[in-house]
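Order-wise, the sequence lines are chains V and E. With our numbering as the guide, the letters of the first sequence map in order to residues 5 to 496. With our numbering as the guide, the letters of the second sequence map in order to residues 39 to 383. We treat Cβ as the ideally placed atom computed from N, Cα and C, and that holds for glycine. Note that the structure is a prediction, hence the values are computed from the model and not measured. Report on one structure; see the data block that follows.
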Amino acid sequence: MAFLSAGNILPTRGRGSFRGGLLSCWPGCPVAGRIIPGVLMAVRKTFKGGVHPHEYKELACSKGIVDMPPPSRVVVLLRQHLGAPARAVVNVGDRVVEGQVVGEPAGFVSAPVHAPISGEVTAVARHRHPGGFICDAVVIEAKEQIPDGDGVVSEGAPHRLPGATLDYMNASPDELKALIRDAGLVGMGGAAFPTHVKLSPPPTKPVDVLIINGAECEPFLTCDHRVMLEETELVVHGVKILMRVLGVGRAIIGIEENKPDAIEALTRAFAGVDGVTVQACRVKYPQGGEKQLIKALTGREVPPPPGLPLDVGCVVQNVGTAARVAEAVMEGKPFTTRVITLSGTQVANPGNYRVKVGTMLKDVIEFAGGLKSDLSRVIQGGPMMGIAMADLDVPVVKGTSGFVFLEAGNPVDYEAAACVRCGRCVSACALRLQPVEIARKIEAGDLDGAEALHVMECMECGSCSFACPSNRWLVQLFRIAKGKINERRRKA
Amino acid sequence: MSADEKLDTGKATEAPERLIVSPSPHLRSKDTTASIMMWVAIALVPGIAVSLYYFGLEAARVMVLAIVSCLAFEFLSMKLLGTKGSLKDMSALVTGMLLGMNLPPTSPWWMVVAGGLIAMFVAKHLFGGLGANIFNPALTARVFLLIAWPVHMTRWLTPGVRGLVTQDQLEAVTGATPLGLLSENAAWKLQAFNPTDLLMGNVGGSVGEISAIALILGGVILLAKRIITWEIPVFFIGTTFAVTGAAWLYSPYVYADPLTHILTGGLMLGAFFMATDMVTSPITFRGRVIFAVGCGLLTGLIRLFGGYPEGVSFAILLMNAATPLIDKLTAPKTFGTLKKAEVAK
Chain V
5 MAFLSAGNIL
15 PTRGRGSFRG
25 GLLSCWPGCP
35 VAGRIIPGVL
45 MAVRKTFKGG
55 VHPHEYKELA
65 CSKGIVDMPP
75 PSRVVVLLRQ
85 HLGAPARAVV
95 NVGDRVVEGQ
105 VVGEPAGFVS
115 APVHAPISGE
125 VTAVARHRHP
135 GGFICDAVVI
145 EAKEQIPDGD
155 GVVSEGAPHR
165 LPGATLDYMN
175 ASPDELKALI
185 RDAGLVGMGG
195 AAFPTHVKLS
205 PPPTKPVDVL
215 IINGAECEPF
225 LTCDHRVMLE
235 ETELVVHGVK
245 ILMRVLGVGR
255 AIIGIEENKP
265 DAIEALTRAF
275 AGVDGVTVQA
285 CRVKYPQGGE
295 KQLIKALTGR
305 EVPPPPGLPL
315 DVGCVVQNVG
325 TAARVAEAVM
335 EGKPFTTRVI
345 TLSGTQVANP
355 GNYRVKVGTM
365 LKDVIEFAGG
375 LKSDLSRVIQ
385 GGPMMGIAMA
395 DLDVPVVKGT
405 SGFVFLEAGN
415 PVDYEAAACV
425 RCGRCVSACA
435 LRLQPVEIAR
445 KIEAGDLDGA
455 EALHVMECME
465 CGSCSFACPS
475 NRWLVQLFRI
485 AKGKINERRR
495 KA
Chain E
39 MSADEKLDTG
49 KATEAPERLI
59 VSPSPHLRSK
69 DTTASIMMWV
79 AIALVPGIAV
89 SLYYFGLEAA
99 RVMVLAIVSC
109 LAFEFLSMKL
119 LGTKGSLKDM
129 SALVTGMLLG
139 MNLPPTSPWW
149 MVVAGGLIAM
159 FVAKHLFGGL
169 GANIFNPALT
179 ARVFLLIAWP
189 VHMTRWLTPG
199 VRGLVTQDQL
209 EAVTGATPLG
219 LLSENAAWKL
229 QAFNPTDLLM
239 GNVGGSVGEI
249 SAIALILGGV
259 ILLAKRIITW
269 EIPVFFIGTT
279 FAVTGAAWLY
289 SPYVYADPLT
299 HILTGGLMLG
309 AFFMATDMVT
319 SPITFRGRVI
329 FAVGCGLLTG
339 LIRLFGGYPE
349 GVSFAILLMN
359 AATPLIDKLT
369 APKTFGTLKK
379 AEVAK
């Protein structure tokens with residue numbers, strides 16, 4: 005709890021004006037210096053609703069990032085982002101070098117994909133995505149490098165983006181944004197929305213604050229935590245670049261209080277940077293949800309869909325994305341490497357691994373020392389919103405934050421019991437919906453009623469299902485209803 | 039909910055043949071309906087223990103009869119009607135305990151069994167079973183029995199009589215309750231009851247409502263385990279205190295003091311264990327506050343001006359009926375639809 009005494013982690017411009025006056029003496033006082041900021045933060049920096057699942061962070065949070073050597077074969081999916089899938093621009097037999105574009109963006113809301121390793125394209129075919137669907141992919145296999153007549157290796161040095169600059173403060177925002185776009189950067193928190201799109205707010209929606217998401221509220225996952233600790237400098241540069249691109253003077257980095265070392269590291273790293281505050285948030289799921297984090301840090305509420313953070317003057321980027329932004333802009337590195345967490349009880353060495361995008365999960369598991377014998381479930385992402393996979397034959401994609409390996413009987417395969425109207429789902433909902441009432445409408449086949457109760461606003465965070473003592477499949481029910489309503493809207 | 043798929047296991051991974059696939063979230067809280075019910079049952083134990091101390095075998099007889107008949111009628115109702123629920127969820131056990139606690143210790147056996155029938159079959163399973171009932175089953179049974187057999191339901195065993203009571207002994211060992219005296223406008227007779235007795239339970243009354251302190255202890259257990267939330271007991275008891283206190287201030291000779299009011303009758307049992315019934319109380323915080331204030335107002339008014347000495351059961355049942363309406367009126371505004379929140383600058 006040492007970080008609580010560090011007075012500088014509280015914002016210099018808090019919401020309440022009283023802080024500067026009445027309590028200005030507290031940082032010096034050994035008792036008040038610990039208690040008062042703790043209380044203030046506990047009271048302030050969160051949202052209404054949410055749940056407290058066991059964190060399971062201890063499995064991997066202290067494990068430093070381990071670099072996995074590039075694999076000999078990668079499967080680069082062309083649909084690693086929200087929006088239009090990329091178009092393959094290489095053919096079977098082509099030689100590619102690391103960093104070369106293998107898939108071109110197909111539209112504005114899209115992103116290029118790059119070759120993570122040098123080698124030969126051995127297939128352009130369909131492959132399973134960790135999200136369960138099947139999409140186009142470019143398969144690259146490393147080939148022995150053949151020296152040409154002069155003894156020079158034929159494959160060139162890794163491709164780097166032209167125009168990369170260490171002096172980003174003197175580059176124009178548009179140049180920086182172009183670098184970010186060409187690097188194929190997408191949100192690394194899971195949704196994988198192309199970063200440059202988020203950085204292009206329409207002139208009608210002025211942005212005044214950049215929010216950096218370091219909450220990492222999903223149990224098990226620790227990759228953002230490690231990035232904040234081990235790539236602190238990159239995060240600092242990335243935040244400055246993002247602020248420059250957006251033209252904002254203010255950034256807030258939100259980190260859950262269960263990562264005091266990360267809070268301390270970033271607080272120290274940002275000490276000399278104007279307009280950036282590092283803010284501890286209460287440990288609560290889904291604190292790292294975009295809307296919940298904005299609410300906690302600024303008090304603003306993003307309107308329901310199609311409302312966006314832009315509507316309240318905010319842009320949210322993940323800390324990992326910020327680090328990759330710095331790499332793209334300063335070193336010209338395309339987005340081909342990321343940190344993922346392997347955790348859960350059924351992986352031999354839970355930890356954080358820096359891997360090439362496109363590395364097959366099996367190769368990562370092998371590198372990490374294999375699995376334990378009681379494996380029954382593998383979750384892509386965290387256990388609250390992640391996807392249970394049927395198949396380990398999938399590659400790491402840009403949006404992969406980790407894999408969780410669970411033992412048999414965890415979770416217990418519940419049979420849903422009758423709703424007892426306890427209202428825990430209502431208290432748990434982070435968007436102030438009434439899951440119990442919505443579920444009742446859906447079960448009665450009343451889609452209109454469900455729509456009137458705002459089922460379309462549900463973000464499927466899973467808090468209601470988590471809290472339900474009858475183990476009802478609430479989120480699943482809402483997903484089905486949302487699908488049906490969307491289908492109906494398309495037809496209309 | 040799980041679909042299995044054949045998996046090509048790589049040599050290195052030793053992955054199992056099949057992986058289980060299920061929708062997120064893949065974590066669930068440890069609380070289940072059965073565990074909640076179990077804690078309610080545990081929290082009721084102190085109240086029952088005091089009762090066994092003061093009323094002995096008569097209380098034990100009523101409790102056993104009530105629990106057994108509720109379990110039996112739950113089972114039979116589910117068989118007969120095919121409604122939701124299971125004996126394993128322990129809700130019938132809790133209803134049985136609450137029913138027993140709501141009856142006088144000298145209740146005839148057939149009346150207790152009739153109460154079990156009303157609670158489980160009529161109030162719960164005719165409405166659709168677990169989670170579908172509008173009215174609290176144990177209270178519905180209590181009110182039914184009160185109207186059907188008022189004499190049996192208002193005969194109060196004197197505390198300390200611990201043996202079984204035969205029919206001809208009844209007159210000798212029963213007496214008035216504080217609330218009974220109050221409704222006869224005999225507030226002055228209340229001198230006979232001192233607050234310590236009311237707190238500890240050395241007073242006539244239903245099996246489970248005599249000791250305020252034992253019931254509060256149970257309530258604290260439920261609050262600590264987060265089975266119930268604080269707003270219903272606090273606002274229920276607080277409102278009753280306020281209403282009866284206002285009357286007492288107006289005329290201390292006619293009306294009893296508010297402390298006596300909140301310590302007597304079924305208020306503690308009702309406020310901690312019956313009004314907080316998850317099935318029949320509102321689902322939002324604001325709704326529960328309205329619900330509890332309504333319960334307190336009605337209890338106070340019935341006690342002060344009504345024809346019955348006790349109003350807790352009627353008050354809760356009336357508010358049970360209002361719960362769907364309260365839920366509708368207190369539906370929260372969804373995220374982002376409030377007026378522009380204050381923006382931190």
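Locate the beta strand (DSSP E) running through residue i, then write down its first and last residues.
i, result
"residue 130(V)", "123 to 132"
"residue 104(V)", "First-last for residue 104(V): undefined, no H or E at that position."
Which residue marks the beginning of the alpha helix (DSSP H) containing residue i, and which one marks its end?
i, result
"residue 98(E)", "71 to 119"
"residue 296(V)", "294 to 302"
"residue 167(V)", "From DSSP, residue 167(V) is part of no alpha helix (DSSP H); its letter is neither H nor E."
"residue 480(V)", "478 to 495"
"residue 325(E)", "323 to 343"
Would residue i pass as an interface residue toward chain E - the criterion being a Cβ-Cβ separation below 9 Å?
i, result
"residue 425(V)", "yes"
"residue 238(V)", "no"
"residue 247(V)", "no"
"residue 441(V)", "yes"
"residue 221(V)", "no"
"residue 438(V)", "yes"
"residue 232(V)", "no"
"residue 458(V)", "yes"
"residue 229(V)", "no"
"residue 407(V)", "no"
"residue 61(V)", "no"
Once DSSP output is grouped into helix, strand and coil, what is the label at residue i?
i, result
"residue 71(V)", "strand"
"residue 135(V)", "coil"
"residue 350(E)", "helix"
"residue 175(E)", "helix"
"residue 179(V)", "helix"
"residue 375(E)", "coil"
"residue 389(V)", "coil"
"residue 218(V)", "strand"
"residue 85(V)", "coil"
"residue 364(V)", "strand"
"residue 140(E)", "coil"
"residue 198(V)", "strand"
"residue 548(V)", "Residue 548(V) lies beyond the residue range present for chain V, which begins at 5 and ends at 496; the question has no answer from this structure."
"residue 468(V)", "helix"
"residue 152(E)", "helix"
"residue 370(V)", "helix"
"residue 455(V)", "helix"
"residue 211(E)", "helix"
"residue 167(E)", "strand"
"residue 270(E)", "helix"
"residue 181(E)", "helix"
Could you give the distance in angstroms between the alpha-carbon of residue i and the alpha-carbon of residue j?
i, j, result
"residue 470(V)", "residue 63(E)", "7 Å"
"residue 48(E)", "residue 356(V)", "Because residue 48(E) carries a pLDDT of 39, less than 50, the predicted location of this residue cannot be relied on, and the following value inherits that uncertainty. Using only the alpha carbons, I get a separation of about 22 Å."
"residue 359(E)", "residue 318(E)", "8 Å"
"residue 253(V)", "residue 326(E)", "44 Å"
"residue 66(E)", "residue 411(V)", "15 Å"
"residue 466(V)", "residue 415(V)", "14 Å"
"residue 256(E)", "residue 291(E)", "34 Å"
"residue 310(E)", "residue 271(E)", "5 Å"
"residue 365(E)", "residue 334(E)", "18 Å"
Does any C-beta atom of chain V lie closer than 9 Å to the C-beta of residue i?
i, result
"residue 290(E)", "no"
"residue 70(E)", "yes"
"residue 317(E)", "yes"
"residue 371(E)", "yes"
Let me check one thing: in DSSP terms, what residues is residue i bridge-paired to?
i, result
"residue 399(V)", "364(V)"
"residue 407(V)", "346(V), 384(V)"
"residue 534(V)", "In the structure as shown, chain V begins at 5 and stops at 496. Residue 534(V) is therefore absent and cannot be evaluated."
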